[in-house]
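Working notes, structure below.
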Amino acid sequence: MKKAFSKVYLLLVFLFLYVPIVIMMALSFNASKSRAVWAGFSTKWYEELWRSASIMDAVKNTFTIALISSAAATVLGVLACIGIMAMSRRGKTVTMAVNNIPLLNADIVTGLSLMLTYVFFGISLGYGTIVFAHITFNVPYVILSVMPRLKNSSRSTYEAAMDLGASPVRAFFAVVMPEIMPGIVSGFLLSFSMSIDDFIITYFTKGAGVNTISTMIYTQVRRGIVPSMYALSTILFVLVMVLLLITNFAPAAKSRDDSKKGK
Amino acid sequence: MSDHLIDLVDISKSFDGQLVLDEMNLYIRENEFVTLLGPSGCGKTTTLRIIGGFETPDTGKVLFNGADITGLPAYKRQLNTVFQRYALFPHLTIAENIAFGLKIKKKSRDYIRDKIKYSLKLVNLEGYEDRMPDSLSGGQQQRIAIARAIVNEPKVLLLDEPLGALDLKLRQEMQYELIRLKNEIGITFIYVTHDQEEALTMSDTIVVMNQGYIQQIGTPEAIYNEPENAFVADFIGDSNILDGIMIQDRLVEILGTRMACVDAGFGLNKPVDVVIRPEDVELTGPGEGAMDGVVTSVIFKGVHYEMEVEANGFEWLVQSTHMHEVGAHVGLRVEPDNIQIMNKPESEDEKAVELDV
């Protein structure tokens with residue numbers, strides 16, 4: 006009885022979470038433009054996406070911005086982690102606390118303040134400002150996923166490498182890097198999906214004429230019912246979900262593998 | 005011409021305001037097996053890390069062949085370390101692990117291959133080239149760690165409690181292995197351990213440390229038979245440590261009984277610490293020894309029985325191959341040259357142990 010109840014409850018939770026998305030996905034395959042009538046299965050809205058130059062532009066922007074910003078954030082984040090490791094205990098605590106602020110800060114505040122900063126320094130809004138904004142909010146995610154790895158990585162292998170004649174930089178690349186690689190990968194994937202996913206900060210920091218998938222959907226949908234936007238949203242959802250699945254399962258599988266080997 | 009390979013001169017080091025080493029002076033000769041021995045927190049590992057270049061002393065100098073290397077980073081020093089937890093690179097094969105240092109020195113492929121073969125043979129692990137570190141047992145991993153260090157032909161091998169994680173049997177095997185290795189490759193070993201038996205078995209010289217101070221430097225025999233203070237006596241093996249009064253040369257009073265000894269030069273009626281090893285206490289019939297006592301406990305230890313004998317208000321630890329029942333009345337006798345007399349510690353620093361006897 007109790008078990009049945011918990012199953013029903015779980016089902017309800019999932020229903021509330023995913024029914025809206027399923028509806029949107031279904032409508033993206035609806036041959037009719039109507040939101041109420043099912044006129045048969047069709048992929049014409051997806052085909053329409055292909056034909057629209059501005060949409061393809063937005064898709065391209067989304068991916069290049071995500072790629073550049075998450076790559077840059079990964080490098081910066083890893084460097085930051087190395088620096089934080091060298092700090093005193095107190096310094097570490099303070100820095101990690103500061104690192105968490107952007108994560109908890111409302112996106113709209115981050116977006117607005119970034120826009121104001123750009124304007125204040127006379128930087129014209131456009132593709133570049135979006136990239137910078139994305140790097141800004143991605144770095145904390147990288148730090149958050151690399152730091153635990155680095156903390157657990159054994160100091161003695163790093164010292165052993167130096168003992169054998171490797172300079173600190175070489176020792177880092179030869180020994181520490183492989184050890185924290187799962188953290189770096191998941192940090193990168195997490196930033197990548199955060200970047201693809203982001204609407205608010207992008208909306209505030211983009212200039213006229215530059216769009217990503219999410220800002221594109223927003224502007225289009227404001228104008229009226231455009232089923233091709235359902236299609237675009239579906240693509241975005243699937244994309245982010247796949248990325249999240251990779252992020253969550255790749256490191257887990259790796260560490261399971263590790264523990265097996267250890268035995 | 006001095007034969008010192010390494011000199012530590014007035015080395016002090018503290019962590020977070022806590023003094024770990026206090027103006028330590030020590031020299032190490034070429035081709036010597038030196039063991040730094042002491043309880044945890046005595047500064048032995050810090051000393052090793054300073055020699056290895058992983059810590060910088062607050063004051064003092066490290067000399068290598070007479071040249072100051074205090075500021076030289078670890079990777080430029082002609083020493084190699086075997087770490088406590090092996091510290092093998094988990095993502096590299098055994099061969100790649102061993103080749104790590106040689107590749108950095110840009111040795112030729114053939115040279116590296118020969119060296120890997122030679123070093124694996126040296127540590128009795130031939131044919132392990134392509135295995136991963138995880139697939140090896142603790143003892144095997146430790147041997148690989150040693151192989152990885154010695155292929156670089158260091159002048160000095162630093163070993164930081166390398167056998168600490170191994171079980172007793174393996175540890176004893178590895179001790180002989182290390183002695184053999186040392187003789188075969190003929191380099192200086194600096195070995196850190198808290199295990200007195202390990203130290204006694206392998207070392208040419210033992211440096212007993214406690215609370216940042218060197219307590220005694222000497223051969224294993226000297227450290228065991230003639231401890232300079234109560235700490236050393238207590239730390240190395242089991243001991244009976246008693247308060248005594250040196251009545252005159254070669255005569256000491258312990259627990260109200262005067263006993264002949266062989267030490268001299270302490271002066272008249274001087275309070276001293278007296279060390280008597282449990283295997284040096286002979287049990288006789290009552291009235292036949294220097295004092296009488298009652299056996300209070302007996303434990304069988306394999307090679308001998310360990311008994312506690314209460315005599316003159318002191319609980320004596322006695323080791324003997326002959327068992328005496330609990331409650332038996334016995335006499336205690338000690339040969340004069342088995343009584344070790346030590347000066348009382350002069351400062352608080354030296355009085356490093358609470359004597360729980």
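Residue numbers (my numbering), protein chains in the order written: chain Y, 6 to 268; chain C, 5 to 361.
Backbone N, C-alpha and C define an ideal beta-carbon position, used for all residues, glycine too.
Treat the numbers as computed from the prediction; the structure is a model and nothing was measured.
Check: Neighbouring residues, chain C, relative to M167(Y) (Cβ below 7 Å); Outcome: A78, Y79
Check: V147(Y), enclosing alpha helix (DSSP H) - first and last residue; Outcome: 132-157
Check: CA-to-CA distance, Q176(C) to D296(C), given in whole angstroms; Outcome: 39 Å
Check: CA-to-CA distance, D202(Y) to G168(C), given in whole angstroms; Outcome: 51 Å
Check: Under 9 Å between C-beta atoms of I98(C) and L126(C); Outcome: no
Check: At least three beta-carbon pairs within less than 8 Å, the segment 157-173 of chain Y to the segment 102-113 of chain C; Outcome: yes
Check: Anticipated Cβ contact below 8 Å, N375(C) with L259(C), distance rounded; Outcome: Not covered by the structure: residue 375(C). The range shown for chain C is 5 to 361.
Check: Neighbour list for F239(C) in chain Y, Cβ cutoff strictly below 7 Å; Outcome: Result: empty, since nearest Cβ-Cβ is about 27 Å, beyond 7 Å.
Check: Straight-line gap, S141(C) to N128(C) (C-alpha atoms, nearest Å); Outcome: 14 Å
Check: Interfacial residues, the segment 91-110 of chain C to chain A, with Cβ spacing under 8 Å; Outcome: Within the model displayed, chain A is absent; protein chains Y and C are what it includes.
Check: Length of the line joining the Cα atoms of P107(Y) and P145(Y); Outcome: 7 Å
Check: Limits of the unbroken beta strand (DSSP E) element including N354(Y); Outcome: Outside the displayed span of chain Y (6 to 268) sits residue 354(Y), for which this structure offers no information.
Check: Check: F270(C) C-beta below 8 Å from any heavy atom of the ligand SAM; Outcome: Looking at this structure, you won't find the ligand SAM or any other ligand, since it has none at all.
Check: Proximal residues to T224(Y) (C-beta, below 8 Å), its chain only, five neighbours per side dropped; Outcome: N216
Check: Boundaries of the alpha helix (DSSP H) in which Q179(C) is found, first to last residue; Outcome: 172-189
Check: CB contact below 9 Å: R113(C) versus chain Y; Outcome: no
Check: Residues that H95(C) bridges to, as DSSP identifies them; Outcome: In the DSSP output, where bridge partners are listed per residue, H95(C) has none listed.
Check: Residue-chain proximity (R95(Y), chain C), Cβ-Cβ < 9 Å; Outcome: no
Check: For Y217(C): DSSP bridge partner residues; Outcome: N214(C)
Check: Nearest-angstrom Cα separation, counted from A203(C) out to G248(C); Outcome: 29 Å
Check: With 16 other Cβ atoms within 10 Å as the buried cut-off, status of G188(Y); Outcome: buried
Check: Exposure of M221(Y), with buried meaning 16 or more beta-carbon neighbours within 10 Å; Outcome: buried
Check: L162(C) to K305(C) span [Cα, whole Å]; Outcome: 34 Å
Check: Top-ranked residue by Cα proximity to R33(C), from T60(C), G70(C), K119(C); Outcome: G70(C)
Check: For T39(C), the three-state DSSP class (helix, strand or coil); Outcome: strand
Check: Uninterrupted alpha helix (DSSP H) stretches inside the segment 98-158 of chain C (no shorter than 4 residues); Outcome: 98-108, 113-126, 142-154
Check: T122(Y) at chain C interface by Cβ criterion, 9 Å; Outcome: no
Check: Contact list for T85(C) against chain Y, beta-carbon separation under 8 Å; Outcome: E164, A165, D168
Check: For L25(C) and S18(C), the rounded distance between their alpha carbons; Outcome: 7 Å
Check: Where H139(Y) falls, given that 16 or more other Cβ within 10 Å makes a residue buried; Outcome: buried
Check: Neighbourhood of D360(C) by C-beta distance below 8 Å, restricted to the same chain and skipping five residues each side; Outcome: In this prediction, D360(C) has a pLDDT of 38, which is less than 50 and means its spatial position is unreliable; what the coordinates show is noted afterwards. No residues qualify anywhere along the chain.
Check: Cα-Cα separation, A78(Y) to I70(Y); Outcome: 12 Å
Check: Sub-9 Å separation of V212(C) and E165(C) beta-carbons; Outcome: no
Check: Top-ranked residue by Cα proximity to G214(Y), from A63(Y), S196(Y), Y235(Y); Outcome: A63(Y)
Check: Range covered by the alpha helix (DSSP H) that runs through K48(C); Outcome: 48-56
Check: Cα-Cα separation between S39(Y) and M92(Y), rounded to whole angstroms; Outcome: 60 Å
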